[in-house]
Amino acid sequence: MSDVVLRAHAVGKRFGGFTALSGIDLEVRAGERLGLIGPNGSGKSTFTNCLAGAFPSHDGSFTFKDAPLAGLKPHQRARQGLARTFQLPRPFRGLTVAENVRVPLSFGGRGAATMESAMACLESVDLAGKAHRMPKELTQVELRRLELARATALQPELLIVDEAMAGLSHTEVDQILALLFRLNEGGTTIIMIEHVMRAVTEFSQRLAVLVAGRKIADGPPADVLALPAVEEAYLGR
Amino acid sequence: MSDAIIPALPRPAPPRRLGHAGFWLAAAAAAAILILALRGMGSEYAYFAATFVLQYVVLATAWNILGGYAGYVNFGAAAFFAAGAYTTVAVGKAFGLGLLPCIGIAAMVGGALGLGTGILTLRLRGAYFAIATLCLSVVLQTFIVNWSYVGGSRGAYILRPRDVPFGFDSYGGYLCAVVLVLAAAAIAIARSIEVSRLGLGLAALRDDEAAAEAAGVPTLRLKLIATSISGAMMAVAGAPLPYLGSYIEPTSAFGLSYAVNAIAMPLIGGTASWAGPLIGAVLLSSLQQAATVTISSAANLLIVGVVLVVFVCVAPRGIIGLFRRRR
Amino acid sequence: MDPDLALLLNGVVSGLLLGGLYAAAAAGLSISFGMLDVVNIAHPAFMVLGALIVALLWAATGLDPLLLSILLAPAFWALGAGLYVIYHHFFERRGDEAIQGLAFFFGVMFIVEVGLVLAVGPEQHFVDAAYAATTWRLGEIDVPLRMLVPATVALAAIGALALFLRHSFTGRAIAAVAQDRDALRLLAIDPIRIKRLAFGISLAFAGLAGGALVVVQPVDAWSGHVFIGRVFAIVIMGGLSSLGGCVLAALAFGVVENVTASFFGPSWSPAVAFGCLLLVLAVRPQGLFGRMA
Amino acid sequence: MEGLSRRGLGHAALAAAITVPAMAKAQTAASGPPIRIGYSMSLSGGLAGNGRPALLAHRIWAEDVNAKGGLLGRPVQLVHYDDQSTGAQVPGIYTKLIDVDKVDLVISGYATAIIAPAMPVVMQRQMAFVSLFGTGVNADFKYDRYFSINPAGSQVKETFAKGFFDIAMAMDPKPRSIALVNLDSDFHQRTAESARFLAKEHKLRVVYDRAYPPSTVDFSPIIRSVQAARPDIVFVGSYPPDTAGMLRAASELRANFALFGGPMIGPHITAQKLQLGPILNNLVVWDVYAPEPTLQFPGTQALIERYQPLAAKENTDALGHYVPPLAYAQMQVLEQAVKRVGRIDQAALAADMHANSFDTVIGPLRFDALGEWAEERNLYTQYQGIQGNGIEQFRKAGTQVILYPPRYKSGDLRTPYTAGA
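Chains S, W, A and L are the protein sequences, given in the same order. For the first sequence, position 234 (counting from the first letter as 1) is numbered 234 according to UniProt numbering, and the numbering increases by one without interruption. For the second sequence, position 67 (counting from the first letter as 1) is numbered 67 according to UniProt numbering, and the numbering increases by one without interruption. For the third sequence, position 109 (counting from the first letter as 1) is numbered 109 according to UniProt numbering, and the numbering increases by one without interruption. For the fourth sequence, position 153 (counting from the first letter as 1) is numbered 153 according to UniProt numbering, and the numbering increases by one without interruption.
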């Protein structure tokens with residue numbers, strides 16, 4: 001097995017006449033922390049959705065752990081170890097916090113869905129105390145942590161974190177970052193999609209930049225952020 | 001299916017529910033008491049009224065598996081119900097089989113119909129699914145109307161056998177006992193699903209299908225399982241109908257009141273738990289039966305509508321929800 | 001003229017006229033279901049309510065039934081606005097519209113129908129419009145005014161509504177609700193007020209369609225059932241929020257029904273029509289005339 | 001509106017209450033416990049339009065009997081529940097009537113869909129059962145205590161459309177082709193079957209033969225296809241909403257057929273008579289009663305005269321020519337059998353009904369082994385000379401003349417049918 005866990009080749013997506021994404025090549029190595037940035041509408045979420053299987057058809061291909069992802073439904077990708085969070089937290093509103101986590105534990109096909117493992121999962125995001133609450137009783141940051149807990153319950157090889165920091169306070173961002181670092185130390189590859197630049201630069205080992213559906217830069221954060229094109233894309237908005 | 005109904009984990013929530021053994025003991029005791037009480041009354045009418053109510057318990061419980069647990073509103077309950085009834089007619093006529101084998105075959109027909117509906121329509125969400133099931137009902141009724149073997153629009157007669165099986169005092173009593181067993185089985189199935197992995201997956205996809213997929217839930221497969229089980233059970237609810245009335249014709253078998261009741265009963269009782277449809281069905285159908293023989297006018301149809309509207313407005317979690325603050 | 005050709009032409013013309021009636025019935029729904037996302041399954045029941053009120057008023061006053069239905073429109077508008085307030089208060093606001101909201105309108109449908117039986121009895125009611133006995137002959141083609149006048153009035157009303165939606169500020173706001181509720185907030189328009197207004201309009205159209213229906217045929221409390229499947233099919237085929245699509249789909253539906261009935265026998269026409277819907281749902285969920293979502 | 005709804009509510013209350021006999025009016029006072037007659041009746045739902053007039057006729061009968069001193073010296077009491085036109089309600093109603101209310105006698109509600117579900121319950125209790133407007137109900141059950149008040153008799157296929165064809169074949173020139181149109185329903189499948197059978201007998205070429213579904217809205221394609229097939233005569237089986245649509249379409253499409261009609265149930269209902277008016281002229285319609293001098297029996301006129309003011313008050317069918325005479329006759333059969341037997345004995349009642357003939361407001365009746373009329377009496381009538389939409393002309397003889405059977409004939413056929421043109 002090569003150490004490239006994910007390889008995107010010439011990925012593109014059109015909606016009617018509008019090209020949202022085009023010709024994206026991307027490789028992610030196992031254990032890497034990749035930041036994916038770009039202005040609004042640059043195609044980051046489209047890329048995530050293509051990767052997670054939410055759009056059944058797109059151009060190009062993904063290879064995950066040396067096997068093609070084409071034709072796999074989102075839940076099959078999730079079971080293979082490809083987890084994601086949603087930009088806006090989408091808890092199962094009718095289930096308790098603990099039951100929310102039990103869903104991926106039961107269906108992820110990795111490990112037992114015992115109460116202990118659910119509680120362990122919640123403890124890792126500091127939600128154990130609220131295991132029996134309903135999602136509507138949680139604060140915004142707690143919902144994001146629940147979102148992360150649900151993704152990590154799949155014990156993924158690759159985790160895509162879609163704007164988990166938006167609107168959070170400084171300390172809250174730090175909490176989430178700490179959590180992600182811990183996960184990464186445990187061996188999970190993480191792609192962070194983020195607007196909060198402090199978080200991305202602090203977290204990422206490598207940055208990829210999307211602008212208008214194309215990848216315009218890919219490399220170490222300091223180098224990428226220094227590129228005039230990137231600066232223009234961000235400041236010229 | 002095999003991986004669908006795996007016994008559940010112990011619930012994290014304060015476990016106020018009974019264990020499996022306790023549940024079964026209680027169910028059997030309730031059934032036995034009911035049968036003895038009815039027999040004690042010695043009235044054929046008591047049997048009929050009980051059968052009427054229990055038939056709705058099966059129907060409402062079945063509807064709730066798809067509607068309540070998975071959140072897919074089926075407006076075509078009458079179609080499945082009638083499919084069961086007409087299975088009894090067709091199979092009874094073709095092979096001369098009695099009620100019990102007919103119920104089994106009705107379950108298969110209903111299950112297949114549910115699966116077919118699922119495959120055709122489950123990519124549709126919300127209102128689209130509801131309307132598609134309504135159309136299905138129209139299509140199926142057209143089919144039955146044009147199928148002369150089961151009587152077409154003329155309707156069909158099913159004569160009750162002269163001899164009463166298993167030492168029951170009358171065929172009405174036998175029918176009542178059969179439907180009682182069906183109701184108990186329906187509730188048991190619903191309860192098992194609710195506490196199983198299948199129930200958890202359905203609850204997840206009810207709240208958010210995309211998020212459920214992302215959490216590894218095979219939503220399409222679970223929905224197909226749910227439509228099949230729900231369809232099979234609704235057909236089972238309808239299977240004894242021809243014996244109840246001895247005559248069946250499409251207009252009343254596909255009657256809107258079955259569709260309305262199948263929706264109203266779980267919503268009134270509460271859709272989150274097996275007890276909801278049970279409570280709703282017992283309450284609403286006995287109310288209707290009582291109204292039929294007391295105030296006896298069009299006004300008693302009004303009961304369903306008014307009770308439904310009032311409940312969905314004022315108590316969206318049903319009667320169960322009034323007592324349980326959570327979920 | 002070749003008899004088959006005449007049959008076909010007449011089938012098409014009578015189908016278009018029937019389609020006009022369907023358009024009247026579906027236009028209101030295309031606002032409530034298509035634009036506001038309120039699944040008002042009781043819409044045909046309200047249409048029947050309108051038809052029966054028109055029949056009673058006609059018997060009392062002898063005024064033209066279509067005129068009566070237009071006069072009734074404000075009352076139906078108010079009824080719709082009131083209904084929307086209830087719906088919004090109990091369902092939309094709570095985010096419960098999916099199941100509870102559907103059940104609510106199902107219950108409302110039942111209440112309207114049974115209420116009508118209690119109020120006016122189970123019998124059929126009818127009106128006699130002055131023009132109902134006249135038929136225009138255009139060569140081989142017959143155009144009964146009984147069908148033509150309601151269809152024309154309905155299409156004119158739909159046209160007026162389309163103009164209103166396109167050119168007035170409020171109308172554009174209604175169209176915007178269909179697209180994006182947040183956009184309205186930015187414009188400092190209360191989306192609830194707009195939706196209340198729009199739902200009122202949708203019920204006013206139900207009343208108008210009732211007037212058209214009762215000119216065409218006698219009506220009893222359950223006459224709406226025949227239309228439930230048809231109007232939803234039409235709105236979906238028309239691409240939900242597009243009034244023009246809705247009218248085209250209604251006309252197509254009428255033509256398909258009548259041409260099928262002319263050539264293959266009437267027992268096939270519902271099956272063909274609903275087959276079309278299932279096909280549309282399966283192949284083009286955005287509707288025949290709808291834009292890509 | 002307010003007045004109407006109040007009347008509606010009043011009606012509901014009336015239906016709710018068990019009809020209590022007017023004992024005060026009794027001349028020779030009926031005494032003792034009442035004889036209770038139980039049944040289900042469609043007071044709401046699709047059959048209510050005929051169910052309510054039937055109930056009214058039953059109540060008139062009960063008042064008549066009680067005014068004359070009751071039955072066997074006891075007052076009669078009607079116990080009825082609304083079945084909402086739903087067959088599924090019916091078994092419950094009859095078990096309740098028999099087991100809980102302990103009624104002495106049962107009769108049926110209106111039409112096959114309501115009669116059939118009552119049969120098993122009634123058969124189990126071995127009760128005599130007089131039904132109203134059922135077709136072929138007893139063909140499967142073969143219950144020897146079943147008696148049907150329906151003029152169609154037991155040989156529906158051979159006799160139902162006979163009158164229509166006899167009239168047609170007597171025309172000059174003789175028709176050579178026929179079109180058949182029928183609603184896809186129990187009754188109309190049987191009527192179309194009879195027409196098909198007789199068309200073959202008479203060697204008529206069937207140029208169009210199609211059933212239409214109950215949800216049909218526009219009938220012009222049907223009429224046009226029939227016209228395109230160029231039949232000499234047209235036999236139509238339809239129910240009220242469709243009959244109006246069919247005849248209006250015929251009128252709009254300038255229909256012109258030598259003979260047009262059949263069991264087009266529709267003008268039987270007063271409201272539709274008035275609405276269609278001159279479109280009915282020369283239409284040949286199957287019927288059960290028409291106010292012609294040839295069809296007057298003791299009590300007929302009295303019943304109609306009693307019925308009409310009550311109907312106006314209760315807002316049901318104004319003329320009452322269709323169901324009420326038969327509903328009243330249903331009760332008369334029961335009454336006469338009870339009187340002859342002298343006690344409430346179900347077996348004896350049934351034996352009496354098989355053995356004797358009955359004098360009713362619709363004429364003398366006799367039942368065959370299956371409980372159908374020994375002699376069918378399918379009337380074929382023609383509307384003639386209707387002008388405008390007034391109700392008075394329909395009360396008079398000569399508006400709906402009887403063409404068949406010959407023994408009741410009151411007028412001559414007029415041709416062609418041009419739908420009012």
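All C-beta atoms in this analysis are idealised placements derived from N, C-alpha and C, irrespective of residue type, glycine included.
Check: Status (buried if at least 16 other CB within 10 Å, exposed otherwise) for residue 144/A; Outcome: buried
Check: Minimum C-alpha distance to residue 184/L - residue among 238/L, 393/L, 291/L and 378/L; Outcome: 238/L
Check: Segments assigned alpha helix (DSSP H), at least 4 residues, entirely inside the segment 231-303 of chain W; Outcome: 241-245, 250-253, 256-269 and 275-293
Check: The segment 55-65 of chain S in contact with the segment 163-183 of chain W per 3-pair CB rule at 8 Å; Outcome: no
Check: N-terminal and C-terminal residue of the alpha helix (DSSP H) that residue 201/L is part of; Outcome: 186-201
Check: Cβ of residue 58/S within 8 Å of any chain W Cβ; Outcome: no
Check: Outcome for residue 25/A when other beta-carbon atoms lying within 10 angstroms are tallied against a minimum of 16; Outcome: buried
Check: Coil, strand or helix - residue 179/L by DSSP; Outcome: strand
Check: Beta-carbon proximity list for residue 131/A, same chain, < 8 Å, skipping 5 on both sides; Outcome: 145, 146 and 149
Check: Opening and closing residue of the alpha helix (DSSP H) in which residue 172/W lies; Outcome: 171-194
Check: Rounded C-alpha distance that separates residue 356/L from residue 337/L; Outcome: 9 Å
Check: Interface residues of the segment 141-167 of chain W facing chain L [CB-CB below 8 Å]; Outcome: 142, 145, 146, 152, 153, 154, 155, 157, 159 and 160
Check: Every unbroken alpha helix (DSSP H) within the segment 184-230 of chain A, with a cutoff of 4 residues, ordered by chain; Outcome: 191-216
Check: Run of the alpha helix (DSSP H) containing residue 379/L, from where it starts to where it stops; Outcome: Here residue 379/L belongs to no alpha helix (DSSP H); instead the beta strand (DSSP E) covers 379-383.
Check: Short Cβ contact (8 Å threshold) for residue 234/W with residue 62/W; Outcome: yes
Check: Residue 162/S burial status per 10 Å Cβ neighbour count (16 or more: buried); Outcome: buried
Check: Interface residues of chain W facing residue 73/S [CB-CB closer than 9 Å]; Outcome: 213, 218, 219 and 220
Check: Residue 87/L to residue 3/A span [Cα, whole Å]; Outcome: 46 Å
Check: Residue 361/L: contacting residues in chain A (beta-carbon distance under 8 Å); Outcome: Simply none; closest approach about 24 Å.
Check: Beta strand (DSSP E) runs wholly inside the segment 259-313 of chain L, at least 3 long, in chain order; Outcome: 259-262 and 284-287
Check: Identity of the residues DSSP links to residue 119/L by a beta bridge; Outcome: Per DSSP, none; premise fails for residue 119/L.
Check: Three-way DSSP call (helix, strand, coil) for residue 3/S in this model; Outcome: coil
Check: Contacting positions in the segment 381-405 of chain L - beta carbon closer than 8 Å to chain A; Outcome: 389
Check: Residue range of the alpha helix (DSSP H) that includes residue 109/L; Outcome: First-last for residue 109/L: 105-110, but that is the beta strand (DSSP E), not the alpha helix (DSSP H).
Check: Cβ-Cβ separation, residue 102/S to residue 118/S (assumed contact under 8 Å), whole Å; Outcome: 5 Å
Check: Residues, ordered as in the chain, of the segment 105-121 of chain L that lie near chain W by beta-carbon distance below 7 Å; Outcome: 113, 116, 117, 119 and 120
Check: Candidates 65/S, 131/S, 93/S and 51/S, of which the one nearest residue 75/S by Cα; Outcome: 51/S
Check: Cβ-Cβ separation, residue 236/L to residue 262/L (assumed contact under 8 Å), whole Å; Outcome: 5 Å
Check: Interface residues of the segment 150-181 of chain S facing chain W [CB-CB below 7 Å]; Outcome: 150 and 154
Check: Three-state secondary structure assigned by DSSP to residue 127/S; Outcome: coil
Check: Residues within the segment 222-252 of chain W neighbouring chain L, beta-carbon criterion of under 8 Å; Outcome: 241, 244, 245, 246, 247, 248, 249, 251 and 252
Check: Residue range of the unbroken alpha helix (DSSP H) whose run includes residue 6/A; Outcome: 3-29
Check: Residue burial classification, residue 249/A (beta-carbon count within 10 angstroms, cutoff 16); Outcome: buried
Check: Close-in-space but distant-in-sequence residues of the same chain around residue 74/A (CB under 8 Å, 5 per side omitted); Outcome: 204
Check: Bounding residues of the beta strand (DSSP E) (the contiguous stretch that carries residue 82/S); Outcome: 82-84
Check: For residue 312/W and residue 91/A, the rounded distance between their alpha carbons; Outcome: 9 Å
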